[in-house]
Amino acid sequence: MRYFKAAFSNLILFRPCKLYLAALYFAFSLPSPCRAQLLDSLALDTMKGFVSLAKADSTPDKVLKLVIHHQKYHAMPDDIRKFVNLQYLDLSKDHLKSVSSWIGELKQLQTLILSRNDIDTLPPEIGNLEHLKYFMMNKNPLNSLPPEIGNLKELQYLDLWDDNIGDFPLDLEKLTNLRMLDLRDVSINDEEQAVIKSYLPHAKIYFSPGCQCRE
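Residue numbers (this note's numbering): 910 to 1124.
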């Protein structure tokens, strides 16, 4: 009983500044919004995902996989931004012309499929996807890769087949976990192919026969 009286007395005499600091401590100690556990690639590939943006909107925290095809979006729907647990996103064949900068907010994303769109550039924020393992950008008029592509430390598979990339950043050599890079039907001469191979000695790289395009 004497202990509780002493504790109460100390609380009454607490200085305002200490009360403020204590309030800050407890505020920042509160649990953050719950994040879903990262699934392995097999589970993500085989699980049933949302195929309607309207249905996904009704339970945003439960959206782990979103697959939407054959829409005339032109721009990525902003509603996707609130799916904080999204791990698999497929927006192929949606007539997209750009990738929104907020893509970097989808921190749980492991698979990103943007194939067969009209995208010519990627925002630097793409490098914020720290868990991204599979990135499909084939069949786009993509003309370059941002240096931030090198921040994708977990990237294992990168598909750039039939894109229009003219320059490859040195930052590619930071992709130490990359196991497969598809550059078929990308206009690259033999010398450039050799340089790219030197960047990624541990990756299997698929090229078309070297062209005379930039010699």
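Beta carbons are placed, not taken as given, at the ideal position from N, Cα and C, and that holds for glycine.
Cβ shell of residue i (< 7 Å), same chain only, five flanking positions each side left out
i	result
residue 1113	1088, 1089
residue 1075	1052, 1053
residue 983	1004, 1005, 1006
residue 962	977, 986, 988
residue 1127	Given a span of 910 to 1124 for the chain in the structure shown, any question on residue 1127 remains unanswerable.
residue 969	991, 992
Per-residue DSSP class, three states only, for residue i
i	result
residue 1066	strand
residue 1113	strand
Chain-order list of residues whose beta-carbon lies under 6 Å from that of residue i (same chain, five-residue window excluded)
i	result
residue 959	965, 972, 975
residue 1066	1043, 1089
residue 900	Given that the chain is displayed from residue 910 to residue 1124, the structure contains no residue 900 and the question cannot be resolved.
residue 1082	1108
residue 1002	978, 979, 1025
residue 981	1004
residue 1045	1022, 1024, 1068
residue 944	none
residue 950	none
Residue of the options minimising C-alpha distance to residue i
i	options	result
residue 1042	982, 1021, 1070, 970	1021
residue 1064	1085, 951, 1054, 1047	1085
residue 995	1009, 1001, 1015	1015
residue 1073	1057, 1091, 1100	1091
residue 879	1100, 1046, 1036, 1026	Residue 879 is absent from the structure shown; the chain starts at 910 and stops at 1124.
residue 1079	1104, 1061, 997	1104
residue 1047	999, 955, 1101	999
residue 1101	1115, 1110, 1111, 1077	1077
residue 1039	945, 1062, 948, 1055	1062
residue 1010	967, 947, 1055	1055
residue 1070	1106, 947, 1115	1115
Cβ shell of residue i (< 8 Å), same chain only, five flanking positions each side left out
i	result
residue 953	973, 974, 996, 997, 1019, 1020
residue 1028	1005, 1006, 1007, 1008, 1046, 1049, 1050, 1051
Worksheet item: Would you say the stretch 982-997 touches the stretch 1028-1035, given that touching needs at least three Cβ pairs under 8 Å?
Response: no
Worksheet entry | Entirely enclosed beta strand (DSSP E) segments - the stretch 960-1041, minimum 3 residues | 974-976, 997-999, 1020-1022
Worksheet entry | Every unbroken beta strand (DSSP E) inside the stretch 1050-1102 [3 residues or more] | 1066-1068, 1089-1092
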